[in-house]
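Note that the sequence shown covers residues 37 to 120 in the working numbering.
All C-beta atoms in this analysis are idealised placements derived from N, C-alpha and C, irrespective of residue type, glycine included.
So the structure is just underneath, and the comments pick up after that.
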Amino acid sequence: MTDPPTSPGYEIRIRGRVSDTFQHAFEDLNVRVNPVETVVWSPELDQGALYGVLETIESLGLELVEVRRLPSAPAPNRLNPSNR
37 MTDPPTSPGY
47 EIRIRGRVSD
57 TFQHAFEDLN
67 VRVNPVETVV
77 WSPELDQGAL
87 YGVLETIESL
97 GLELVEVRRL
107 PSAPAPNRLN
117 PSNR
């Protein structure tokens, strides 16, 4: 029996520096403000939640630059006791 696949999460890039007020709209996510863009990400963000974040970005009038699926972590080897 195999484990169900887990969501690898998503990284979302927004043009410009998002203010503290707008960052509260993404309070459940990690936010990093860079000089020319803001990066919002979460390893637990599934596709349904991604659509909600994209709607929030649109409703705030922010410019979406990129959406990237994060690589999934390798599953532990169940046969190797050192992974426990």
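Q.
Would the region 94–103 count as touching the region 62–70 if we require 3 or more Cβ pairs under 8 Å?
A. At 8 Å Cβ cutoff, the stretches do not touch.
Q: Report the rounded CA-to-CA distance for Ser108 versus Thr57, giving the unit in angstroms.
A: A direct Cα-to-Cα measurement between Ser108 and Thr57 gives close to 31 Å.
Q) Going by beta carbon distance, what residues of the same chain come within less than 8 Å of Ile93, once the five residues before and after it are set aside? A) If we look at Ile93 and ignore the five residues flanking it on each side, its Cβ neighbours are Ile48, Ile50, Leu100.
Q. Sorted by chain position, which residues of the same chain lie with C-beta nearer than 7 Å to Arg105's C-beta, five sequence neighbours on each side aside?
A. Here the set comprises Pro44, Tyr46.
Q. So, helix, strand or coil for Leu86, using DSSP?
A. Reduced to three states, the DSSP call for Leu86 is helix.
Q: Count the other CB atoms, across all protein chains shown, that sit within 10 Å of the CB of Ser78; report buried if there are 16 or more and exposed otherwise.
A: Answer is buried; the Cβ neighbour count reaches 16.
**Q.** Met37 to Asp82 span [Cα, whole Å]
**A.** For Met37, the predicted structure reports a pLDDT of 44, less than 50, and the residue's modelled location is therefore unreliable. The matter cannot be settled from this model.
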